[in-house]
Amino acid sequence: MPVYNKLVRDKIPQIIEQAGKTFTTRILEDDEYRKELRKKAFEELEEYMSASDDETALEELADVLEIIHALAECHGGTFERVEQIRAEKAEKRGGFKEKIFLVEVHDE
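Numbering (the working numbering), first residue to last: 279 to 386.
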C-alpha cells in the first residue's frame with residue numbers, strides 16, 4: 279500500500295475511487311495547506327525541469343500555474359492581482375524576452 283502524504287488535486291479521490299481503490303485523506307488547516315502548496319510548487323518545478331520535450335514542459339508549466347493560482351488565493355489575492363504585479367514589474371524592469379545574461383558588474 280503506497281503512502282503519499284502530499285497535497286493532491288481536488289478530483290484525485292474521485293479518480294482513485296473510480297479505479298476501484300480505497301484511500302485515506304484529510305483536510306488541511308490553512309497554515310499546513312500553505313506549507314504543502316509551497317512544497318507542491320517545488321515538486322511541479324522539478325517536473326518541469328525534468329521535461330524532455332516542449333509538450334511535457336507545457337503540461338508541467340500548467341501545473342505550476344495551477345499552484346500559483348492557489349497560492350495567490352492563499353495569500354488573500356487573486357491570479358489577476360499577481361498578473362497586475364507581474365506587468366508592473368515588467369514595465370519597470372523589463373521581462374526576459376531579450377535573453378540578457380549578466381556576467382559581471384564592475385565597481386569603478
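Don't be surprised by glycine CBs; every beta carbon is placed ideally from N, CA and C. Computed from a prediction, not measured in an experiment: that's the story for all the values here.
- In this model, Asp308 and Glu386 are separated by some 50 Å (Cα to Cα).
- Burial of Ile345 is indicated by the presence of at least 16 other C-beta atoms within 10 angstroms of its C-beta.
- Exclusion of the five residues before and after Glu314 leaves Lys284, Leu285 and Leu306 as the residues of its chain whose Cβ lies within less than 8 Å of its Cβ.
- According to the DSSP assignment, Lys318 belongs to the alpha helix (DSSP H) that extends over Asp308 to Met327.
- The segment 345-361 and the segment 316-324 touch, with no fewer than 3 CB-CB distances between them shorter than 8 Å.
- Under the DSSP assignment, Pro291 falls in the alpha helix (DSSP H) whose first and last residues are Ile290 to Gln296.
- DSSP places Glu369 inside the alpha helix (DSSP H), whose first and last residues are Phe357 to Arg371.
- Of the other Cβ atoms in all chains shown, fewer than 16 fall within 10 Å of the Cβ of Glu376; this residue is therefore exposed.
- Per DSSP, the unbroken alpha helix (DSSP H) holding Val342 starts and ends at Asp332 to Cys352.
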